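Trainee:
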Amino acid sequence: VILNLIVGVVLEGFENSSEGDILTRSDLQNFVKTWALFDPEASCYIKAADLQSFFARLEPPLGVGSSSKETYIKDDCLSGIGVNKDLQVHILNVASLLAKRIAKEKQGSQFGELSDSHPVQIELNRLSSMEDMTTTLNEFYMHRAGIIMQAVQRFRQRRVHPSSPE
Numbered sequence: 001v002i003l004n005l006i007v008g009v010v011l012e013g014f015e016n017s018s019e020g021d022i023l024t025r026s027d028l029q030n031f032v033k034t035w036a037l038f039d040p041e042a043s044c045y046i047k048a049a050d051l052q053s054f055f056a057r058l059e060p061p062l063g064v065g066s067s068s069k070e071t072y073i074k075d076d077c078l079s080g081i082g083v084n085k086d087l088q089v090h091i092l093n094v095a096s097l098l099a100k101r102i103a104k105e106k107q108g109s110q111f112g113e114l115s116d117s118h119p120v121q122i123e124l125n126r127l128s129s130m131e132d133m134t135t136t137l138n139e140f141y142m143h144r145a146g147i148i149m150q151a152v153q154r155f156r157q158r159r160v161h162p163s164s165p166e
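Heads up: the sequence shown begins at 1 in the UniProt record's numbering, then just goes up one per residue.
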């Protein structure tokens, strides 16, 4: 119920604006059903590490379906999703940025950034002031990539310079 209310805010915001014909109620219902798979307790948060899987399970137009998950990692719009200190993302941030991404795809250069008075932007600003977003999705992935690179380097060093048996 809570997830439906939050996504309803996003849908209403886009219905009341010029982008109203871009997303359907069915698109956002699909979003809620898929989100619920990753957030069974309806906390409105999922782990940032689960976003790739979420995008893959989410049907188009919001998701990638069977397409490449890397599409979303490289997407400038989505790389700015706020990640809190618990390394989680909020449903409203994800839904709003996905909706903005679709609007940009469909409207091209005609799409402008959301004004501060846009209903979706107002809700995002309210959420941001309440949340302790400590990083962005892009920074989260960069940090994870650095950890993986360090592990690979240590592994390679051990193979080149194995420790002597005692």
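In this text, a Cβ means the ideal position worked out from N, Cα and C, and glycines have one as well. Quick caveat: nothing in here was measured; it's all calculated off a predicted structure.
Hey, how far is the Cα of residue 50 from the Cα of residue 38?
Mentor: Those two C-alpha atoms are separated by around 8 angstroms.
Trainee: Could you tell me which of 48, 33, 149 sits nearest to residue 89, measuring between CA atoms?
Mentor: Looking at the Cα atoms, 48 is the closest of the given residues.
Trainee: In whole angstroms, what separates the C-alpha of residue 155 from that of residue 85?
Mentor: Looking at the two C-alpha atoms, the distance is approximately 30 angstroms.
Trainee: Using three-state DSSP, classify residue 160 as helix, strand or coil.
Mentor: Helix at residue 160.
Trainee: Exposed or buried, residue 152, counting other C-beta atoms within 10 Å across all chains shown (16 or more means buried)?
Mentor: Residue 152 comes out exposed.
Trainee: Of the choices 83, 35, 25, 91, whose alpha-carbon is the least far from that of residue 57?
Mentor: The candidate whose alpha carbon is nearest that of residue 57 is 35.
Trainee: Name, in chain order, the residues that DSSP records as bridge partners for residue 88.
Mentor: Its beta-bridge partners are 47.
Trainee: Tell me, to the nearest whole angstrom, how far the beta carbon of residue 167 is from that of residue 59; I am working on the premise that it is less than 8 angstroms.
Mentor: A question about residue 167 goes unanswered here, because the residues of the chain that appear run from 1 up to 166.
Trainee: Quick check on residue 43: buried or exposed, where buried means 16 or more other Cβ atoms within 10 Å of its Cβ?
Mentor: Exposed, since its Cβ has fewer than 16 Cβ neighbours within 10 Å.
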